[in-house]
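Here's the structure we're looking at; comments come further down.
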Amino acid sequence: MVNREKAYRVFYHCYHVNLVLINQYLLVAGLILMGNGIKNILPSSNSGPNVSQIWIECCYIIGGFMALSTPFINAYGYAKQSIKIISNNCKIVCPVSCLEIFTAMVALTYPDYYGWSIVAIITAIFNMLGALGTTLMIADDEYIEPHTT
Numbered sequence: 051m052v053n054r055e056k057a058y059r060v061f062y063h064c065y066h067v068n069l070v071l072i073n074q075y076l077l078v079a080g081l082i083l084m085g086n087g088i089k090n091i092l093p094s095s096n097s098g099p100n101v102s103q104i105w106i107e108c109c110y111i112i113g114g115f116m117a118l119s120t121p122f123i124n125a126y127g128y129a130k131q132s133i134k135i136i137s138n139n140c141k142i143v144c145p146v147s148c149l150e151i152f153t154a155m156v157a158l159t160y161p162d163y164y165g166w167s168i169v170a171i172i173t174a175i176f177n178m179l180g181a182l183g184t185t186l187m188i189a190d191d192e193y194i195e196p197h198t199t
């Protein structure tokens, strides 16, 4: 028979490890996505990007910034044990990530944006998972005492 406290500790440890991995991915992907958006929005020739390309690149920049800032906000809120900081971040991250997913799906119609659109979709999903997961973890820490032996 499995000891419930031991199973809870193992699950809780895996939950923390997965959130750390998601936040590490967000740091790298956010920096790359934001840098690529900034690089592509600057005109490299006489003919600059058109309006739809500017919109896509701006969404990539915003999504990259959100992915880059989420781990820092999560770490700060977790250090302060503040559900308010993390839940407010979650309220911002989820709609922005949905906008990023929608924009990336529209950008899939352009052959030049195919690879970056996949990166943006995965980053937006991980960004939502990181924000929601940290919110649930803080709520769990505040209202349910972890079992310790």
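Start counting at 1 in the sequence shown, then tack on 50, and there's your number in the working numbering.
Built from N, CA and C at the ideal position, the CB exists for glycine as well.
How would you label TYR164, buried or exposed, when you count the other beta carbons within 10 angstroms and need 16 or more for buried? Answer is exposed; the Cβ neighbour count stays below 16.
For the region 123-139 against the region 99-109, do three or more pairs of beta-carbon atoms, one drawn from each stretch, fall closer than 8 Å, so that the two count as touching? Between the region 123-139 and the region 99-109, the count of Cβ pairs shorter than 8 Å is below three; the stretches do not touch.
Taking 8 Å as the cut-off, decide whether the C-beta atoms of LEU77 and THR173 are in contact. It is not a contact, given that the beta carbons lie outside the stated cut-off.
With distances taken between CB atoms, is the gap from ASN68 to MET116 smaller than 8 Å? No, the pair does not count as a contact, with Cβ atoms beyond the cut-off.
Backbone CA spacing between HIS197 and ILE123 [nearest angstrom]: Any reading at HIS197 needs caution, since the residue's pLDDT is 48, under 50, leaving its predicted position unreliable; the model's value is listed next. Cα-Cα distance, rounded: 27 Å.
Check LEU184 in the structure and name its three-state DSSP category. First, the amino acid is wrong: residue 184 is Thr here, not Leu. DSSP places THR184 within a helical segment (H, G or I) once states are collapsed to three.
If you follow the alpha helix (DSSP H) that TYR110 is part of, which residue opens it and which one closes it? In the DSSP annotation of this structure, the continuous segment of the alpha helix (DSSP H) that includes TYR110 starts and ends at 101-130.
Check THR159 in the structure and name its three-state DSSP category. Note: THR159 maps to coil in three-state DSSP.
Take ALA154 as the anchor and find which of ILE133, GLY87, ASN73 and ASN53 has the nearest alpha-carbon. Selection ILE133, GLY87, ASN73 and ASN53 evaluated against ALA154 yields GLY87 as nearest (Cα-Cα).
If we ignore side chains and look at the alpha-carbon of each, how far apart do GLN74 and PRO121 end up? Going from the Cα of GLN74 to the Cα of PRO121 covers about 8 Å.
8 Å CB neighbourhood of LEU22 in its chain, flanking five on each side removed: Not covered by the structure: residue 22. The range shown for the chain is 51 to 199.
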